[in-house]
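**Student:** I am attaching a structure below and will ask some questions about it afterwards.
Rendered as structure tokens:
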């Protein structure tokens, strides 16, 4: 059994898409546990605020199998991704119905088929804070730092743009 962490976000009808997306994850994976939810402003573009959280899940699927299931869930919620060579790369900044980013997959450190640990873990407060809330003693693969220590390394003002939101989630 592999433990994986998935970043979940939405800024298009997020009060509907986030709980429905979590429920969809529960049908695909076992042991789904969720962090608190935070409302944050979009990064890199103008748009409505996001709801963000991190989910911990257990899986016996391969890395590729997990990625395939996450993309399938996103597609059910209308998420469109450009084909390779057709527009902006994966890191395009735009509004989303549902965004499911694989942040960590066991102790894997890799660049292919996806970067793990995902760069967002150390880059964005709206990823690091929910990850630390969920499992402060968890460790970043390839490092000795815990998720709690990672969050503590962010500047104090990093939390200023995050507001905790009560949302009825199925986890």
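In my numbering, the protein residues as written are -6 to 164. For each residue, glycine too, the CB sits at the ideal point set by N, CA and C.
(1) Do you know offhand how far residue 154's Cα is from residue 26's?
(2) In chain order, what are the residue ranges of uninterrupted beta strand (DSSP E) at least 3 long that sit wholly in the region 100 to 145?
(3) Give the secondary structure of residue 63 by DSSP, where H, G and I count as helix, E and B as strand, and everything else as coil.
(4) Just tell me which of 2, 99, 31 and -6 has its CA closest to the CA of residue 157.
(5) In whole angstroms, give me the CA-to-CA distance for residue 122 and residue 69.
(6) Could you name the residues of the same chain whose beta carbon sits closer than 6 Å to that of residue 36, not counting the 5 residues immediately before and after it, in chain order?
(7) Which same chain residues end up closer than 6 Å to residue 144 when comparing Cβ atoms and leaving out the 5 residues on each side of it in sequence?
(8) To the nearest angstrom, how far is it from the Cα of residue 108 to the Cα of residue 159?
(9) In this structure, what does DSSP give as the bridge partners for residue 44?
**Tutor:** Once the coordinates are examined:
(1) C-alpha separation (whole angstroms): 24 Å.
(2) Runs found: none.
(3) DSSP places residue 63 within a helical segment (H, G or I) once states are collapsed to three.
(4) Ranked by Cα distance from residue 157, the options 2, 99, 31 and -6 are led by 31.
(5) So the two alpha carbons sit approximately 28 Å from each other.
(6) Residues of the same chain with their beta carbon placed closer than 6 Å to that of residue 36 are lacking, with the five preceding and five following residues left out of the count.
(7) Closer than 6 Å at the Cβ level, and outside the excluded window around residue 144, lie 121, 122 and 125.
(8) Pairing residue 108 with residue 159, the inter-Cα distance amounts to about 31 Å.
(9) In the DSSP assignment, residue 44 forms a beta bridge with 3 and 32.
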